[in-house]
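Notes follow the structure.
There are 2 protein chains.
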Amino acid sequence: MSISSRFSVAIHILCLLAINEEKATNTSEYLAGSVNTNPVVIRKVMSMLKGAGLVHVRAGVAGAELAKTLAEITLLDVYKAVNVVAENDLFSSHEHPNPECIVGRNIQQSLTKQFSAAQKAMEHSLEIVTLADVVQDILADNV
Amino acid sequence: MSISSRFSVAIHILCLLAINEEKATNTSEYLAGSVNTNPVVIRKVMSMLKGAGLVHVRAGVAGAELAKTLAEITLLDVYKAVNVVAENDLFSSHEHPNPECIVGRNIQQSLTKQFSAAQKAMEHSLEIVTLADVVQDILADNV
DNA sequence: GTTACATGTAACAAAACAAATTACAGGTCG
DNA sequence: CGACCTGTAATTTGTTTTGTTACATGTAAC
Chain Y
1 MSISSRFSVA IHILCLLAIN EEKATNTSEY LAGSVNTNPV VIRKVMSMLK GAGLVHVRAG
61 VAGAELAKTL AEITLLDVYK AVNVVAENDL FSSHEHPNPE CIVGRNIQQS LTKQFSAAQK
121 AMEHSLEIVT LADVVQDILA DNV
Chain A
1001 MSISSRFSVA IHILCLLAIN EEKATNTSEY LAGSVNTNPV VIRKVMSMLK GAGLVHVRAG
1061 VAGAELAKTL AEITLLDVYK AVNVVAENDL FSSHEHPNPE CIVGRNIQQS LTKQFSAAQK
1121 AMEHSLEIVT LADVVQDILA DNV
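This is the structure:
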């Protein structure tokens, strides 16, 4: 299956916070309107972004704002903030292979090694892109 | 969520076919015993591996064998054979963002670009490892 | 302080999916 | 023919994602 859209929703929100400068209008309801989802979904994602120190939100007060500049936030930061893939868990392995078979006994360690490397390669690709890059694409508005 | 364990099952099977030289004993039931799953799961995976030209299996006749050497089969070949992640579909995007918002209107194209790059990085990591590498780890049998 | 309106979260429902399993059709070969 | 295998459709079970309802709590204007 695919990695949760919570990641793309989070990126969407953060870009919107950067572009829409009137802080007070960035309510969960307003953001939900742009993302096209439920305000509760937004608040859940926002809660995770807050926990990671990427945004400032206060209970009871309308609007959120970025806690860092766009160039300081990589896609990997967002990815980790919303916890869409646990460490060494991009690939799932079949459980309890037969320990009496040499393959069953040893394959897990080899798979873990290779799968971990592949996951890290993907994550590194996210690390070299910042939200500033994404916002630049958005502002080009080539539609 | 994680990528289907069908991938790890496929790798397991292929390694076993290479190590267990007595072709006729490699029935779906025997393989299921090492992987610890149902024989039908094995046959389904085997069917996909056959479609990709990685194994030789014949209906009605016991046993399967590799169609190539271990060094000729990369993990990417296996990954593609069992179809665990569709092209540009490792990450899912939220659907139908609001086209009246500049972010909603443009974010998909930017996300597609970045997500595609990350997926390709992961896949390239799988491409540089062959089953020969995995079997080497298994035969070390360091338990 | 109370009112209006926001966020924070728990709890639940619906839809989508993976994996195991059952059942059976069809192939191969002694 | 009969034993045994592969091929595959259909079903079930368990899990996960996403959306939704409901309500507690926080804030600030008045």
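Those sequence lines, one after another, are chains Y and A.
Each residue of the first sequence is one higher than the last, beginning at 1 in the numbering used here.
Each residue of the second sequence is one higher than the last, beginning at 1001 in the numbering used here.
Cβ coordinates follow ideal geometry from the N, Cα and C atoms, glycine included.
Anticipated Cβ contact below 8 Å, residue i with residue j, distance rounded
i: Y/V57; j: Y/V82; result: About 15 Å separates the two Cβ atoms, so there is no contact after all.
i: Y/T27; j: Y/G63; result: 6 Å
i: Y/I102; j: A/I1019; result: 7 Å
i: Y/I11; j: Y/L75; result: 7 Å
i: Y/L16; j: Y/L31; result: 6 Å
i: A/A1071; j: A/A1118; result: In fact, because the Cβ distance is near 28 Å, the residues do not count as touching under 8 Å.
Beta bridge counterpart(s) of residue i as assigned by DSSP
i: A/H1094; result: Answer by DSSP bridge pairing: none, since A/H1094 is not bridged.
i: Y/H56; result: Y/E65
Range of the contiguous alpha helix (DSSP H) that encloses residue i
i: A/A1032; result: S1028 to V1035
i: A/M1046; result: P1039 to G1051
i: A/A1071; result: Looking at the DSSP string, A/A1071 is not in any alpha helix (DSSP H), and its letter there is neither H nor E.
i: A/I1019; result: R1006 to I1019
Span of the beta strand (DSSP E), counted from its first residue to its last, around residue i
i: Y/G63; result: V61 to L66
i: A/V1085; result: A/V1085 -> no beta strand (DSSP E), and no H or E assigned at all.
Inter-residue Cα distance where the pair is residue i and residue j
i: Y/D137; j: Y/T130; result: 11 Å
i: A/F1007; j: Y/H124; result: 22 Å
i: Y/S4; j: Y/V85; result: 9 Å
i: A/G1104; j: Y/K23; result: 18 Å
i: A/K1120; j: Y/K120; result: 12 Å
i: A/E1029; j: A/P1039; result: 5 Å
i: Y/S110; j: A/K1080; result: 19 Å
i: Y/S2; j: Y/T69; result: 29 Å
i: A/H1094; j: Y/A140; result: 21 Å
i: Y/N106; j: A/Q1114; result: 35 Å
| task | Mind listing, in chain order, the continuous alpha helix (DSSP H) runs of no fewer than 4 residues lying wholly within the stretch 1097–1138 of chain A? | result | 1102–1127
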